[in-house]
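Enquirer:
Number of protein chains: 2
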Amino acid sequence: MSTFLIVEDDALHRNFLREVIIQSDLECTQLIEAADGEEAIRCVHEYKPKGIVMDLQMPNKTGVQAAKAIWAENPKMPIVFWSNYDDEAYVRGITKIVPACATYGYILKTSSKDRLRRSIQCVFLEGQNVIDREIRGVQQRGQDRSEGLSEAEYEVLLDITLGLTDQAIADRRNISLRSVQGRLQQLYAKLGLIEMPLLDSGAAEYNSRTRAVAVALMSRLINGKSIEAAELEYRRMTGKEAGS
Amino acid sequence: MSTFLIVEDDALHRNFLREVIIQSDLECTQLIEAADGEEAIRCVHEYKPKGIVMDLQMPNKTGVQAAKAIWAENPKMPIVFWSNYDDEAYVRGITKIVPACATYGYILKTSSKDRLRRSIQCVFLEGQNVIDREIRGVQQRGQDRSEGLSEAEYEVLLDITLGLTDQAIADRRNISLRSVQGRLQQLYAKLGLIEMPLLDSGAAEYNSRTRAVAVALMSRLINGKSIEAAELEYRRMTGKEAGS
DNA sequence: ATTTTTTTTGCGGGTTCCCGCAATGCGATC
DNA sequence: GATCGCATTGCGGGAACCCGCAAAAAAAAT
Numbered sequence: 001m002s003t004f005l006i007v008e009d010d011a012l013h014r015n016f017l018r019e020v021i022i023q024s025d026l027e028c029t030q031l032i033e034a035a036d037g038e039e040a041i042r043c044v045h046e047y048k049p050k051g052i053v054m055d056l057q058m059p060n061k062t063g064v065q066a067a068k069a070i071w072a073e074n075p076k077m078p079i080v081f082w083s084n085y086d087d088e089a090y091v092r093g094i095t096k097i098v099p100a101c102a103t104y105g106y107i108l109k110t111s112s113k114d115r116l117r118r119s120i121q122c123v124f125l126e127g128q129n130v131i132d133r134e135i136r137g138v139q140q141r142g143q144d145r146s147e148g149l150s151e152a153e154y155e156v157l158l159d160i161t162l163g164l165t166d167q168a169i170a171d172r173r174n175i176s177l178r179s180v181q182g183r184l185q186q187l188y189a190k191l192g193l194i195e196m197p198l199l200d201s202g203a204a205e206y207n208s209r210t211r212a213v214a215v216a217l218m219s220r221l222i223n224g225k226s227i228e229a230a231e232l233e234y235r236r237m238t239g240k241e242a243g244s
Numbered sequence: 245m246s247t248f249l250i251v252e253d254d255a256l257h258r259n260f261l262r263e264v265i266i267q268s269d270l271e272c273t274q275l276i277e278a279a280d281g282e283e284a285i286r287c288v289h290e291y292k293p294k295g296i297v298m299d300l301q302m303p304n305k306t307g308v309q310a311a312k313a314i315w316a317e318n319p320k321m322p323i324v325f326w327s328n329y330d331d332e333a334y335v336r337g338i339t340k341i342v343p344a345c346a347t348y349g350y351i352l353k354t355s356s357k358d359r360l361r362r363s364i365q366c367v368f369l370e371g372q373n374v375i376d377r378e379i380r381g382v383q384q385r386g387q388d389r390s391e392g393l394s395e396a397e398y399e400v401l402l403d404i405t406l407g408l409t410d411q412a413i414a415d416r417r418n419i420s421l422r423s424v425q426g427r428l429q430q431l432y433a434k435l436g437l438i439e440m441p442l443l444d445s446g447a448a449e450y451n452s453r454t455r456a457v458a459v460a461l462m463s464r465l466i467n468g469k470s471i472e473a474a475e476l477e478y479r480r481m482t483g484k485e486a487g488s
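Quick note, the sequences are listed as chains A and B, same order.
By our numbering, the letter at position 48 of the first sequence is numbered 48, and the numbering carries on one by one without gaps.
By our numbering, the letter at position 184 of the second sequence is numbered 428, and the numbering carries on one by one without gaps.
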């Protein structure tokens, strides 16, 4: 019995994916569907699929969160991410959680039907990673030492995006207040926020901290979903998980 | 010649919409498609449709920006907004630009095909506004005097989201520094950011300003698209429109 | 093991943000 | 015209943020 799993909240897109997978000659004898990340995790338990095609932006858990849970128990599960978005927030999130032994793909929804079908075949039948060219570009720019954010810089970006004070960040990351401020300064430099223009009066036009968040949002280093995930993680580590 | 216009970047959704409109008995003899807001504006000029069905979240101009431009020249054009998102950022954006004489609809993509078809018929054939119940709820909560943000509070929220300093906001809105700070204090109160918890050391855990932005993003008072629109508007008024 | 590079850190000072107190101005209502 | 409610505003002080200077510690490279 060869089962595959589709994880996609949009009904039209689910139907389209079903069609593509059927046409992919995967010897797929059972095709299961889930409409969000939590349902996906349940389906993996119950049906033990050989591969998954998954959207990234979904209600409840995102594709990244679901993949993290799935890979925690099935590190060799091949997953093809299929998304409208090439946000570095997603790219970075995936890169952080992919097990070394897993095969994965990241295909944009703007790709042709044929490219999607061939990518699915490559990942599931040949065990090769298939990353769309645009995604590859985002990965490479993110890894550049002089302009890409380091892990520490990205963490501190998420921390200020949540609204934490410098002292709160220092406590959570177990570093000094000045060290937090040093990381922030490096972050601002990489986001191009050094020597910003002044108002006619000579006062600053931009507040560096909130401007960094704005620039990161506009360049899709972070997005609404990565903020929600960061909020959940912070609440979990500070023991404030009750709804609010 | 009775022409209608579909504005939708997702090909699957465009096809679905085409089908729904054909089934709506609109006596539609020509159905034009645009894949983004800018193309939509061009099509309105060229084809002079009797009605438009438009997505909200699109590349280049959003549905709100496109509708604003279209309504500037055709204030009676009926438009049905069809979106995956009930973000207050979109609701507020639309409410701000609808001309008094226009008929419009706001339908979520999770609504049934029948509901969508009937809503389109209601707006285009009967000239009635049709707002999904969930959207209506967002509108009402937004208008509540004690918890909804006033126009001034929402403006200052967008200003801090862009990273402007208090002085820059005062200059742009022609009010005093203290007045900006007064509006910010009211904003923080409405977002529930008064008397926030402290760290064990007695220092603040959250910085009010960035926490306000985070809460607004998570509650979808603002979103990535409204930030981009606000950035464009600020650059236009400060004369810094060159790409950056 | 040594050297080099990167990161962390303390101290101090300037700027921005936040908020209380109190007064003024403006618009709406009677 | 008087009164009331709301918004604006000036002043001042405390807290948080930002950054320079300089030194120490840790990690990476040789």
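Backbone N, C-alpha and C fix where the C-beta goes; we use that ideal spot for every residue, glycine too.
For clarity, every value in this text was computed on a predicted model and none was experimentally measured.
(1) Can you name the residues of chain A whose CB is closer than 9 Å to the CB of residue 445 of chain B?
(2) Counting only C-beta atoms, is residue 174 of chain A closer than 8 Å to chain B at any point?
(3) Nearest to residue 70 of chain A by alpha carbon, out of A:209, A:88 and A:47?
(4) In its own chain, which residues sit with a C-beta less than 8 Å from the C-beta of residue 254 of chain B, not counting the 5 before and 5 after it?
(5) Relative to the alpha-carbon of residue 2 of chain A, which residue among A:19, A:29, A:40 and A:21 has its alpha-carbon at the smallest distance?
(6) In the DSSP output, which residue or residues are listed as bridge partners for residue 275 of chain B?
(7) Step through the CB atoms of chain A and report whether any lies within less than 8 Å of the CB of residue 348 of chain B.
(8) Do you know offhand how far residue 45 of chain A's Cα is from residue 78 of chain A's?
(9) Determine the burial state of residue 201 of chain A: buried for a count of at least 16 other Cβ atoms within 10 Å of its Cβ, exposed for fewer.
(10) What span of residues does the beta strand (DSSP E) with residue 222 of chain A cover, start to end?
(11) Got a sec: is the Cβ-Cβ distance from residue 138 of chain A to anything in chain B below 8 Å?
(12) Taking 8 Å as the limit between beta carbons, can you name the residues of its chain near residue 224 of chain A, skipping five residues before and five after?
(13) Is DSSP giving residue 488 of chain B helix, strand or coil here?
(14) List, in order along the chain, the chain B residues whose C-beta lies closer than 7 Å to that of residue 12 of chain A?
(15) Determine contact between the region 50 to 64 of chain A and the region 83 to 100 of chain A, defined as no fewer than three beta-carbon pairs at a distance below 8 Å.
(16) By the criterion of Cβ-Cβ separation under 9 Å, what are the contact partners of residue 450 of chain B in chain A?
(17) Would you verify that the beta carbon of residue 224 of chain A is, or is not, closer than 8 Å to some beta carbon of chain B?
(18) Within the continuous alpha helix (DSSP H) that includes residue 394 of chain B, where are the two ends?
(19) Less than 6 Å between C-beta atoms, sequence neighbours within five positions excluded: which residues of the same chain meet that for residue 450 of chain B?
(20) Expressed to the nearest angstrom, what Euclidean distance is found between the alpha-carbon atoms of residue 236 of chain A and residue 401 of chain B?
(21) Along the chain, where does the beta strand (DSSP E) that runs through residue 450 of chain B open and close?
(22) For residue 210 of chain A and chain B, any beta-carbon pair shorter than 8 Å?
(23) Helix, strand or coil, according to DSSP, for residue 363 of chain B in the structure here?
(24) Looking only at DSSP bridge pairs, what is residue 81 of chain A linked to?
(25) Residue 374 of chain B and residue 367 of chain B look like a contact to me (Cβ under 8 Å); what is the Cβ gap, rounded to whole Å?
(26) Classify residue 413 of chain B: buried if its beta carbon has 16 or more other beta carbons within 10 angstroms, exposed otherwise.
(27) Tell me whether the region 393 to 400 of chain B and the region 359 to 366 of chain B touch, counting them as touching only if at least three CB pairs, one residue from each stretch, are closer than 8 Å.
(28) When DSSP labels each residue in this structure, what does residue 64 of chain A get in the three-state scheme?
(29) I'd like to know if the region 29 to 44 of chain A and the region 102 to 120 of chain A are in contact, where contact means that at least 3 CB-CB pairs between them fall below 8 Å.
(30) From the DSSP secondary-structure annotation, give me the bridge partner or partners of residue 374 of chain B.
(31) Beta-carbon within less than 6 Å of residue 249 of chain B's beta-carbon, same chain only, minus the 5 sequence neighbours each way: which residues are those?
(32) Since residue 442 of chain B sits in a beta bridge, which residues does DSSP pair it with?
(33) Might you give, ordered along the chain, the residues of its own chain that have their beta carbon closer than 6 Å to the beta carbon of residue 435 of chain B, omitting 5 neighbours on each side?
(34) Using a Cβ-Cβ cut-off of 7 Å (strictly less than) and excluding sequence neighbours within five positions of residue 58 of chain A, which residues of its own chain qualify?
(35) In three-state DSSP terms, what is residue 437 of chain B?
(36) Tell me which same chain residues have a C-beta within less than 6 Å of the C-beta of residue 345 of chain B, skipping the five on either side of it?
Expert: The structure says:
(1) 167 and 171
(2) Not an interface residue.
(3) Ranking the options by Cα distance to residue 70 of chain A, first place goes to A:47.
(4) Hits under 8 Å: 299.
(5) A:29
(6) B:248
(7) no
(8) 15 Å
(9) Counting Cβ neighbours within 10 Å, residue 201 of chain A comes out exposed, since fewer than 16 surround it.
(10) That residue, residue 222 of chain A, is in no beta strand (DSSP E); it is neither H nor E in DSSP.
(11) no
(12) Cβ neighbours of residue 224 of chain A within its own chain (closer than 8 Å, five residues either side excluded): none.
(13) At residue 488 of chain B, the pLDDT of 39 sits below 50, so the modelled position is not reliable and the matter cannot be decided from this model.
(14) 256, 257 and 260
(15) yes
(16) In chain order: 162, 163, 164, 165 and 168.
(17) A Cβ of chain B is located within less than 8 Å of the beta carbon of residue 224 of chain A.
(18) Looking at the DSSP string, residue 394 of chain B is not in any alpha helix (DSSP H), and its letter there is neither H nor E.
(19) 440, listed in sequence order.
(20) 28 Å
(21) Segment: none, residue 450 of chain B is in no beta strand (DSSP E) and carries neither H nor E.
(22) yes
(23) helix
(24) Its beta-bridge partners are A:54 and A:106.
(25) 6 Å
(26) buried
(27) no
(28) helix
(29) They do not touch, by the three-pair rule.
(30) Bridge partners of residue 374 of chain B: B:349.
(31) Here the set comprises 276, 287, 293 and 296.
(32) DSSP lists B:448 as partners of residue 442 of chain B.
(33) Once the five neighbours on either side are set aside, the close Cβ partners of residue 435 of chain B are 456 and 459.
(34) 9, 36 and 37
(35) coil
(36) Close CB contacts of residue 345 of chain B within its chain, under the 6 Å cut and outside five residues either way in sequence, are with 319 and 320 (chain order).
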